[in-house]
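For the sequence shown, my numbering begins at 3 and goes up steadily by one. Structure, as structure tokens:
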Amino acid sequence: VTIAEAIADNQQGDIPFLSTLDYDFRRKVPSLNINVYVYAEKKQDRFIMIEMKKYSEGQQIISGLFLKEIRMNSLVIEYKKKTFQIKRK
3 VTIAEAIADN
13 QQGDIPFLST
23 LDYDFRRKVP
33 SLNINVYVYA
43 EKKQDRFIMI
53 EMKKYSEGQQ
63 IISGLFLKEI
73 RMNSLVIEYK
83 KKTFQIKRK
């Protein structure tokens, strides 16, 4: 296990994954068609592309979804005042 992997594993535990939240909430969360997922050591170099539009941490993505953080293996999203992670595909 590398240091980066250990940090990533440690980060996973602090915010629940969408898959663990109640069904009624999960089905209301808009699906994300992520075309590009870039994780980098420097936060300013991280971004994702959805429908070929680039988003960085701190931006609203679509339909009220707010991209809080791009992690090595997941995205931290806020939707309707709930914060959760979505696993990287």
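C-beta: ideal position from N, C-alpha, C; glycine also. Please read these numbers as outputs of a predicted model, since none were measured by experiment.
On the three-state DSSP scale, how would you describe residue i?
i: L34; result: coil
i: K44; result: coil
i: L23; result: coil
Among the options, whose alpha-carbon lies nearest the alpha-carbon of residue i?
i: K89; options: E53, N35, F27; result: N35
i: Q46; options: S33, K70, R28, Y25; result: K70
i: N75; options: F27, Y41, Y25, R29; result: Y41
i: K91; options: E59, K30, R73, Y25; result: R73
For my contact list, residue i and residue j are in at a C-beta cut-off of 8 Å; report their separation, rounded to the angstrom.
i: Y1; j: F49; result: No information on residue 1 is available, as it lies outside the stretch 3 to 91 that the chain covers here.
i: Q87; j: L20; result: 7 Å
For chain B, find out if any of its Cβ atoms is closer than 7 Å to the Cβ of residue i; answer yes or no.
i: Q87; result: No chain B is present in this structure, which holds just one protein chain.
With a CB to CB cut of under 7 Å and the five nearest residues on each side skipped, what residues in its chain are close to residue i?
i: P32; result: I64, S65, L67
May I ask which residues mark the beginning and end of the beta strand (DSSP E) holding residue i?
i: F68; result: 68 to 72
i: M54; result: Looking at the DSSP string, M54 is not in any beta strand (DSSP E), and its letter there is neither H nor E.
i: K91; result: It is not in any beta strand (DSSP E) - K91 carries neither H nor E in the DSSP assignment.
i: I79; result: 76 to 81
Could you pull out every residue in the same chain whose Cβ sits closer than 8 Å to the Cβ of residue i, ignoring the five residues on either side in sequence?
i: T85; result: I17, K70, V78, I79
Looking only at its chain, what residues have a beta carbon closer than 6 Å to the beta carbon of residue i, apart from the 5 residues adjacent to it on each side?
i: N37; result: M51, M54
i: E43; result: none
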